[in-house]
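K.L.:
Residue numbers (this note's numbering): 12 to 179.
1. Between residue 25 and the rest of its own chain, which residues show a CB-CB distance below 6 angstroms, the 5 nearest in sequence each way excluded?
2. Mind checking whether residue 95 and residue 125 have CB atoms under 9 angstroms apart?
3. What number of angstroms, rounded off, separates the C-alpha of residue 207 from the C-alpha of residue 104?
4. Under a three-way DSSP split, which group does residue 142 fall into?
5. So, does the region 25-35 touch the region 60-74, judging by three or more C-beta pairs under 8 angstroms?
6. If you reduce the DSSP assignment to three classes, tell me which class residue 14 lands in.
7. Are the CB atoms of residue 140 and residue 111 within a distance shorter than 9 angstroms?
8. Let me know the secondary structure DSSP gives residue 39 once reduced to three states.
9. Along the chain, where does the alpha helix (DSSP H) containing residue 102 start, and where does it finish?
10. Under three-state DSSP, which class holds residue 69?
11. Rounded to the nearest angstrom, how far is the Cβ of residue 160 from that of residue 80, given a contact under 8 angstroms?
12. Under the DSSP definition of a beta bridge, which residues are partnered with residue 58?
13. Tell me the rounded alpha-carbon separation between residue 130 and residue 136.
14. Just to confirm the assignment, what range does the beta strand (DSSP E) spanning residue 21 have?
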């Protein structure tokens, strides 16, 4: 059922789940009331329930699955936004993991210095990655993803995350 927000009409087109139901996936259609014939914009919204504020998920699996799914969004679909309540703890953790993996997959082996990546991010947004556990989770997620890539590369020629990053 469409909902009006000022000059926007927003319609929920899809609701589903992924990563063993820890992530809800929604697709919204957004139209301008002033130009109903214009093509709509679509917004993909992923909500991760198993990541409490100031803490970390019990494993890296669901987050890494979500990150891999985002790699298949076409570049021309536009940017995506990562957010949490304050925009620094969980958001910062996600951004450090994503940025580190992308750099490594593009051949930048200096990216394994997660501490330096975090320093760079904190110059742009004070307080990124709020707790020691979140910082450790960054390392754990990067290591887990790289280990998965290595084990999968022995069985196949392309890993989905690497293929998606290289296609962007």
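Glycine included, every Cβ here is placed at the ideal spot set by N, Cα and C.
The model shown is predicted, which means the values in this text are computed figures rather than measured ones.
P.N.:
Taking the definition as stated:
1. 38
2. no
3. The displayed coordinates of the chain run from 12 to 179. Any statement about residue 207 would go beyond what the structure contains.
4. coil
5. yes
6. strand
7. no
8. strand
9. 101-116
10. coil
11. Going by Cβ atoms, the distance from residue 160 to residue 80 rounds to 16 angstroms, so no, they are not a contact pair.
12. 35
13. 10 angstroms
14. 19-29
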